[in-house]
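Numbering (our numbering), first residue to last: -17 to 408. Structure, as structure tokens:
Pasting the structure below:
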């Protein structure tokens, strides 16, 4: 069932700790993360599938007998049978090695420095990597802002390092970048669980202000590149005149609430689900999102969702839906609407999307173009990249289940378009 599990910090005959592995599934590969802890006289196990969602699954049954660990997780529809080896590993048949040919390798032809700076508003110290060209001239710069969830400075997923690849390419073409660990991730301080869009916005402002103080950077030419939810941060900063230009990568042009519905529909459609089911499902989820915004606490939210889902295909999903939606990050996302910011955006804007994007469907580009252009801004450029997914990789369906199997981290055409557009700015 599983190819290989590798322990992080385990001793022989001790199964507690974190384990990583990949299910042997046809045409897809998903990273699984198991966390094993002692509980009473036995063990408890949780599972995350980060390539699909942030949800944590709890095992219904865990058994260790004769060096064989059996884990049943009904909610994730998985049953794992893993044999404990003498060296302390849980082993299947053969290792899985991902090829990531675009990941930059030293030596670099540009400068790279580990940096820290503060968000003075709340005292959070943020850590990241600043890269800039070796030319010696003061240069244009961008802050890279990631999407939802806790992302490291490289925006790492399935061993792809999107922001590292982007920063490397920009530095080799005369443009500096600052990429930063999200709050509570990597070397950055703060609490990820208590962070939402306003915090990401404030941290991005702090990053821009830090760059403006660096002698290598042209302080009048520091912009933002926002991926996915990070585009909402870019819109807000542009509306407040915090930056002279923005680039959005797979950014939403509708409210966060509407965007989540579009995302669910696109993902279900890519999985072959029929349209009538998608319509019914999203009808319930629209009501569920309203309940999340109207509830004063998680218990109230779960109770109301239980009532809503009773007698429907979603019966029994109230607790999981509450866990997924009733948190600071999702609530702030549901509240936000870029239409509030569009009328105030007067700077140059480059908005890119792949037409295989199942997380922020490509029709969002037109909402962005129209929303910003209606205020008279003639400096809005939108580009659709055929065959690319949400991460700007060449894709078949665009579903996240394909991400880890794709060797290319980000299409070269996207990188070149970003550089071309930045270089033509005054």
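Every residue, glycine too, gets a C-beta built ideally from N, C-alpha and C. Just so it is clear, the structure is predicted and the values come from calculations on it, not from any experiment.
Membership of residue 158 in the beta strand (DSSP E) is indicated by the continuous run 158 to 162. Annotation for residue 95: the continuous beta strand (DSSP E) segment containing it runs 92 to 101. For residue 115, the pairing in a beta bridge is given by DSSP as 92. Bounds of any alpha helix (DSSP H) do not take in residue 121; it lies within the beta strand (DSSP E) bounded by 121 to 127. Between the C-alpha atoms of residue 203 and residue 118 there is a straight-line separation of about 16 Å.
Shown here, residue 37 sits in coil according to DSSP, grouped into three states, outside any helix or strand. Annotation: residue 359 is outside any alpha helix (DSSP H) and is labelled neither H nor E by DSSP.
Just so you know, the alpha carbons of residue 178 and residue 252 end up roughly 29 Å apart. Secondary-structure assignment with DSSP links residue 332 through a beta bridge to 229, 363. When DSSP states are grouped into helix, strand and coil, residue 25 belongs to the strand group. Rounded to the nearest whole angstrom, the CA to CA distance from residue 135 to residue 161 is 5 Å. Counting along the chain, residue 289 sits inside the alpha helix (DSSP H) bounded by residues 280 to 291. In its chain, beyond the 5 residues on either side, 29, 39, 41 have a beta carbon closer than 6 Å to the beta carbon of residue 55.
Looking at the backbone, the Cα of residue 260 and that of residue 310 are separated by about 27 Å.
Annotation for residue 239: no beta strand (DSSP E) segment contains it, though the alpha helix (DSSP H) segment containing it runs 238 to 252. If you compare the alpha carbons of 276, 87, 266, 307 with that of residue 292, the shortest gap goes to 266.
Look at residue 386 here: in three-state DSSP terms it is helix. If the five residues before and after residue 217 are omitted, its C-beta is found closer than 6 Å to the C-beta atoms of 320, 323, all from its own chain and listed in chain order.
Under the three-state reduction of DSSP, residue 326 is assigned to helix. The secondary-structure analysis by DSSP pairs residue 142 across a beta bridge with 139.
The three-state secondary structure of residue 264, taken from DSSP, is helix. Comparing alpha-carbon positions, the option among 127, 106, 362, 149 lying closest to residue 397 turns out to be 149. Here the region 85 to 94 makes contact with the region 102 to 120; the two share three or more CB pairs at distances below 8 Å. Rounded to whole angstroms, the Cβ separation of residue 386 and residue 13 is 6 Å, and the two are in contact under 8 Å. Rounded to the nearest whole angstrom, the C-alpha separation of residue 301 and residue 88 is 47 Å. Between the alpha carbons of residue 346 and residue -2 lies a distance of about 45 Å. About 14 Å separates the CB atoms of residue 226 and residue 121; that is not less than 8 Å, and the two are not in contact.
For the 8 Å CB-CB criterion, residue 327 and residue 354 form a contact. Counted as a single uninterrupted DSSP element, the beta strand (DSSP E) harbouring residue 43 occupies residues 43 to 47. Secondary structure at residue 31: coil, using DSSP grouped into helix, strand and coil. Taking the C-beta atoms as reference points, residue 130 is found nearer than 8 Å to residue 210.
A check of alpha carbon separations from residue 263 across 274, 272, 273, 250 identifies 250 as the nearest. Rounded to whole angstroms, the Cβ separation of residue 350 and residue 212 is 14 Å, and the two are not in contact under 8 Å. DSSP places residue 218 in no beta strand (DSSP E) but in the uninterrupted alpha helix (DSSP H) bounded by 212 to 221.
Across the set 164, 188, 153, the C-alpha of 153 shows the shortest separation from the C-alpha of residue 198. With respect to residue 337, residue 367 sits close: the two C-beta atoms are nearer than 8 Å.
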